[in-house]
Every structure is written in C-alpha cells, then in structure tokens.
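Engineer: In mature numbering (1 follows the signal peptide of the UniProt record, and there is no 0), the protein residues as written are -26 to -1, 1 to 533.
Please see the structure below; I have some questions.
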C-alpha cells in the first residue's frame, strides 16, 4: 500500500467526538486492514455518556472517499473487532455522521452490553462491498433496563400474624448490573405497593435503600402496607409490588428513573388494634355538662351486649344514652347499680374514678370505684403523693401510661389503696396479688398492664413531647402542654395533644420540658427541623399531631 505525504496529512483531520460530559484518554487503538476508503481517527477515544444531556452529540465521525461521490454509507458498530454481529447505527449520503447521547447509549444496551465502564465499541463505515478501517472507542454508558425481582415471585403468599410482629416477613431482592459496576454513583431504590388494578395511581412506599439490592419487611411493616393498600384486616388479598430506581446527576440535579415490571403477592393481614367502640356513652352534669362535649364512651367486652366504661366523674348526675342523642336513653332509680329503664331517672355520683358496666341484655348496670396506678419509692415515696394513674387503652384492652421513674422499687395498686395491690414474684412480667416489689432503674417508661391475664411491661423510651412558647406557657414558666401517645397506631411513634388553648404568639415542640431537644419549622411545610424556627399561633383551641415514625423526617399537623 502506497500513501504519499499529502494523503497521510488527510488522515489526521478529524471532527471532535462531542459529549455532554466526558473523560478523555489519549490511548487509541486503530486497525487498518488496507481500507478502500478512510475513516478519520477521532481526537478523543474515551466517551462518558451523560443521561442529563440526552440530546447532545455523543460523537461525530468523518471519513474520506476519493473513489465515490454521493455514495450511500452505513455506520456500523460492534462489540468485537471482528464485527461478528455488526449493528447498524444509521445511513447517510454525506461523509460525516453524528449520534445523540441517548441513541448511542440505547444502541450499546441493545447490543447486549451489561457492563458500564470502558465498554469497547468498534466502528467502521460500509458502502456497498467497501469497508473503511476500524476505530475503537471506550465508552461509559448509563443503565436503561429496569431492575428485575429476585427472591420473591409472582403469586407468592405471606400469612402474617401479631405473634410474629417484629419477625421478618419478606425480603424483596432485585438484580441490577449497575450495582456491580465500578461507577462512583449512588442508586436509590424504592419498593412501592398498590392494590391490584390501580396502576399504582397512589403508590405506597414500603421501603427505601441506596446502593443495595434488597429490602426486608417485618410482619408489622408488610401488614401496615397491605392494610393501607386496601386489604381488609384478617383477610387474604393481593398486593402489587414494583421497584423504582433513581439516579440523580449531581451537577444538574437531573434524574434518571427506571421502574421494574410489577409482580403480585398474596398477603393475609392481621388486626393490630382492637375496635371496641360502641354507640353508647355516659352523659350528665357529672360527665360532660349534659352533652356540651361528646358523651364518655362505653367499650365492648368479650360478652356481646355487655359494655364497660372507665371514667372520671365529678359530683353530679348522669345517665346512659346512644349516639349522643336523647332518642334512646336509660336511667335508674338506684345510683349504686341496678335495673335500667328507658327515659329513667338520673343517677347521682360523687367525684372519683369509676368502672361502669352496662348490661343491655339484662337492662341493668353496676358502678364501682376503679383506678389502677403505680406506687413506690421509684415514683411517689410509697404513697406520699397520689399514685401515677394508668389510662384505659381501648385499642388493646389494656391500661397504659407514660411515667418517669427514679431508681427504686414499685408496685401496681387499685384506688390509691393497699387493699388490692400487685407485684411480680418471679420478675417474669406476670403480676401476683400482694407480690414482690418490682425493681426499676431511672428513666421514662411506657407502663402497660393487661388485667385479663395480669401481664405487664415497662418499655423504656427516651422522650415525652410537649408544646412550649409565648403562645402557651411563657416559654416554660409553667410545665409544657404534654402530648400523649396515639395508642391506635402502636407500631408508629405518634403523639397527640388535643384541645389545647393558645394565645397569639410563637411556640415550639420540645422533649421532656427541656431545651436539649426541640423542634421548629424553618419552611412552614409541616416538616420539623431540630432547633428550627418558631411557629406562629393565633389565639384559639387546637389539636396537634407529632409523627416521629421516621426520625429523619419528623412531621406535625394542626387541626
């Protein structure tokens, strides 16, 4: 082959290979099998395809053909230098060819390439039976294909139970070659769920991880997702799952999102809280000023038609009625229990805490003094001050309270009196009448007592939340307005402060009546920030809900 100096100079004229963002290496492999016309050598050989700039040119190549004028040219690529399975990138009647980042990336993906860095792409030009020399580009691509599920299959069934509440129910895995690449990028994966047939119109986020290939859900987590999606409690139903993958370009904040095909699993849910609500309540001057506020509720028992209420009454009168309405009300000639009649007489009562049983089967009632409290050196010096009172939790049929204890011993007892008291002889979480003192260390606890089987627990927690500010207590001149845990959602960290009266001014939320941990809202967006900006209140009565279920993104709502 003879090449004069003039022709040799043409070989060094090339168009620049352009990218939205690229890495440049000066090493270039070129093969020249006696070309019949010449493909120019590009100025750069390493190409980084940036998904944030999909329409930018990925490359521009040129060639010289001194034999033919106006010929048709086909640009071919291959993943091997023998062009075993050449792929056409396009045709042209000119002596140059460009391709966008998006189209070039898709072409490489369609060629079956599963790696992402330094992908060897060989290129040549074909015109009839004539071929140019071959050039080599080392290309870094971005993923196009979505992740695929592993470890769980369409039709898999999961029977959940409260007994296994904290145990692993399902591990959803996926395969995504980008995780095995050497690219220094973060890939976020979101597991979403939805009721079948809704096309994920309102997807439920079941989990989120970064640079990982699986998400594990406990019975409690999967149960909550399934119920939220629309599967009734204690029912087997289908749940659709999919995986969304998100890569964010740090320079432009552009997002590359890929969504897997969905699969459907069958989930049997379970009841996390009881529904003991009834239509009956207690009304009267001793209860709610004869209906100025909702009646004090009765709750179901294990006997149909027999209802129970645990209430604190003032001196006055009371009756029973249904649906907060006088159309169906019951009274009695006896204030200490007995027969009930429709539209009967008012009953009288002295201030105190009571257990009232309403028997609609036999149309009678009973009333007795009832309070369950904590007493001991760990709380009130064995009764020097009133016991800490537990409240009835209608959602679990237990008594609960959040109490601060010091190092010492304690017991549970009825009605601030030693006539009926319980301890724990074996330190086994079971109460015995007149049993041994319970030893505790200083801390904040959720105390729970189940009177059905005399079991109890003391669960340590870190914080009890309150509202503080000029709008409530002159920034702590008096105790903060204390939130209560929402027992209707026992597996979430949600706190409620109901019907608190504020004046014009500012306020914040803080833990344990102390400024060591406090939250405000910098952006007035309902998301709390530690040491954030004060919130502004206008005078009125409000209900607040704090949600610390996601510690990284606590939220609040105001009603």
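Using N, Cα and C, we set each Cβ at its ideal position, and we do this for glycine too.
Which same chain residues, not among the five before or five after residue 253, have their C-beta less than 8 Å away from its C-beta?
Structural biologist: 296 and 297
Engineer: Roughly how many angstroms lie between the CA atoms of residue 159 and residue 60, to the nearest whole one?
Structural biologist: 31 Å
Engineer: Tell me which residue opens and which closes the beta strand (DSSP E) that residue 78 is part of.
Structural biologist: Here residue 78 belongs to no beta strand (DSSP E); instead the alpha helix (DSSP H) covers 75 to 84.
Engineer: Mapping DSSP to helix, strand and coil, what is residue 151?
Structural biologist: Reduced to three states, the DSSP call for residue 151 is helix.
Engineer: Please state whether DSSP places residue 131 in a helix, a strand or coil.
Structural biologist: strand
Engineer: Report yes or no: do the region 490 to 510 and the region 419 to 431 share at least 3 C-beta pairs separated by less than 8 Å?
Structural biologist: no
Engineer: Would you give the residue range spanned by the alpha helix (DSSP H) that residue 314 belongs to?
Structural biologist: Here residue 314 belongs to no alpha helix (DSSP H), and DSSP marks it neither H nor E.
Engineer: Buried or exposed: which applies to residue 393, given that a residue is buried once 16 or more other Cβ atoms fall within 10 Å of its Cβ?
Structural biologist: Exposed, by the Cβ-count rule.
Engineer: Please state the DSSP three-state secondary structure of residue 35.
Structural biologist: strand
Engineer: If you follow the beta strand (DSSP E) that residue 229 is part of, which residue opens it and which one closes it?
Structural biologist: 229 to 233
Engineer: Exposed or buried, residue 527, counting other C-beta atoms within 10 Å across all chains shown (16 or more means buried)?
Structural biologist: exposed
Engineer: From this set, 110, 391, 390 and 385, which residue's C-alpha is nearest residue 399's C-alpha?
Structural biologist: 385
Engineer: At what residue ranges does the region 261 to 294 contain a whole run of the alpha helix (DSSP H), taking only runs of 4 or more?
Structural biologist: none
Engineer: Note down the Cα distance separating residue 215 from residue 118, rounded to an integer number of angstroms.
Structural biologist: 20 Å
Engineer: Specify the secondary structure class of residue 113 as computed by DSSP and reduced to three states.
Structural biologist: strand
Engineer: Rounded C-beta distance between residue 380 and residue 352? I'm assuming under 8 Å.
Structural biologist: For a cut-off of 8 Å, the C-beta gap from residue 380 to residue 352 is around 6 Å, short enough to register as a contact.
Engineer: Would you be able to state if there are at least three C-beta pairs under 8 Å between the region 210 to 229 and the region 244 to 252?
Structural biologist: no
Engineer: Would the region 32 to 45 and the region 127 to 139 be scored as touching if the rule is three or more Cβ pairs under 8 Å?
Structural biologist: no
Engineer: Tell me, which residues are paired with residue 23 by DSSP?
Structural biologist: Residue 23 pairs with nothing; no bridge assigned.
Engineer: I'd like to check one pair, residue 469 with residue 458: are the Cβ atoms closer than 9 Å?
Structural biologist: Yes, these two residues count as a Cβ contact at 9 Å.
Engineer: Determine, using beta carbons only, whether residue 372 and residue 361 come nearer to each other than 9 Å.
Structural biologist: No, the pair does not count as a contact, with Cβ atoms beyond the cut-off.
Engineer: Tell me whether the beta-carbon of residue 445 lies closer than 9 Å to the beta-carbon of residue 420.
Structural biologist: No, they are not a contact pair.
Engineer: For residue 330, which of helix, strand or coil comes out of DSSP?
Structural biologist: strand
Engineer: Kindly provide the ranges of any beta strand (DSSP E) runs that are 3 or more residues long and lie completely inside the region 185 to 243, ordered along the chain.
Structural biologist: 188 to 192, 210 to 222, 229 to 233 and 237 to 242
Engineer: Just grab the DSSP bridge partners of residue 321 for me.
Structural biologist: 292
Engineer: Kindly indicate the opening and closing residues of the beta strand (DSSP E) around residue 387.
Structural biologist: 382 to 388
Engineer: For residue 502, which three-state DSSP category applies?
Structural biologist: coil
Engineer: Quick one: Cα of residue 102 to Cα of residue 12, how far?
Structural biologist: 15 Å
Engineer: Hey, residue 515 and residue 486 are a contact pair by Cβ (cut 8 Å); roughly how many whole angstroms apart?
Structural biologist: Contact doesn't hold; Cβ gap of about 25 Å is too wide.
Engineer: Opposite residue 515 in the DSSP bridges: which residues?
Structural biologist: 475
Engineer: If you compare alpha carbons, which of 82, 281 and 338 is closest to residue 307?
Structural biologist: 338
Engineer: When we look at the beta-carbon of residue 341 and count the other beta-carbons within 10 Å, is it buried (16 or more) or exposed?
Structural biologist: buried
Engineer: What are the residues that DSSP puts in a beta bridge with residue 360?
Structural biologist: Paired residues: none, contrary to the question.
Engineer: Excluding the 5 residues flanking residue 209 on each side, which residues of the same chain have their C-beta closer than 8 Å to its C-beta?
Structural biologist: 242 and 243
Engineer: Can you have a look at residue 98 and say buried or exposed, based on whether 16 or more other CB atoms are within 10 angstroms of its CB?
Structural biologist: buried
Engineer: Kindly indicate which residue of 122, 157 and 141 has the alpha-carbon position closest to the one of residue 147.
Structural biologist: 122
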